[in-house]
Amino acid sequence: MTIPITVMKWAEHRLGREASTEADFTEAGLQMMGGCRGCGATLAAYNAYPSKSGYWACGDCISYDGFGSCEEAESWRAQDQREEEEELAADLALVGRFYV
Ligand SMILES: [Zn+2]
30 MTIPITVMKW AEHRLGREAS TEADFTEAGL QMMGGCRGCG ATLAAYNAYP SKSGYWACGD
90 CISYDGFGSC EEAESWRAQD QREEEEELAA DLALVGRFYV
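Using our numbering, read the sequence shown as starting at 30 and increasing by one per residue.
Here it is as structure tokens:
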């Protein structure tokens with residue numbers, strides 16, 4: 030099994046430089062602090078793994094749900110964003126239909 034990327038690594042990949050401050054993470058579009066979706070442990074970017082559920086996980090809880098590379102994480106994110114936009118568009122269509 031490949032070691033999954035951390036939030037830190039993903040942020041640095043996005044920025045193309047070191048990520049250390051909260052502003053850096055905000056710029057990268059990622060959270061600097063968070064909790065594990067599995068056990069609730071408090072995590073920081075260097076020991077947190079982004080998972081395909083969209084939530085953070087710690088090293089014990091990430092299992093096979095992590096990303097093997099930043100490129101994989103980016104393509105997952107792009108897909109997830111498209112789905113969010115489609116859902117929003119569908120919601121708006123429903124709202125529109127109500128008034129027809
Ligand atoms: Zn955990």
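Beta carbons are placed, not taken as given, at the ideal position from N, Cα and C, and that holds for glycine.
* According to DSSP, is L59 helix, strand or coil? -> Taking the first residue of the sequence shown as position 1, residue 59 is located at position 30. Coil, per DSSP.
* Pairwise C-alpha distance: L121 and D94 -> Reading the sequence shown from its first residue, position 65 is the one you call residue 94. Reading the sequence shown from its first residue, position 92 is the one you call residue 121. If you take the alpha carbons of D94 and L121, they lie about 32 angstroms apart.
* Asked: Between V124, K81, S92, A118, which lies nearest to A107 when the distance is taken from Cα to Cα?
  -> Residue 107 sits at position 78 when you count from the first residue of the sequence shown. Comparing C-alpha distances from A107 to each of V124, K81, S92, A118 shows the shortest one belongs to K81.
* Would the beta-carbon of G67 be found less than 7 angstroms away from any heavy atom of ligand 1? -> The residue labelled residue 67 in the question sits at position 38 within the sequence shown. Checking every heavy atom of ligand 1 against the Cβ of G67, one is found closer than 7 angstroms.
* Asked: What number of angstroms, rounded off, separates the C-alpha of L44 from the C-alpha of F96?
  -> Your numbering for residue 44 matches position 15 in the sequence shown. Your numbering for residue 96 matches position 67 in the sequence shown. Their backbone Cα atoms lie some 18 angstroms apart in a straight line.
* To do: Report buried or exposed for T50, applying the criterion of at least 16 other Cβ atoms within 10 angstroms of its Cβ.
  => Taking the first residue of the sequence shown as 1, we reach residue 50 at position 21. Exposed: under 16 other Cβ atoms inside 10 Å.
* From what residue to what residue does the alpha helix (DSSP H) around A40 run? -> On the sequence shown, residue 40 is found 11 positions in, with the first residue counted as 1. That run of the alpha helix (DSSP H) goes 36-44.
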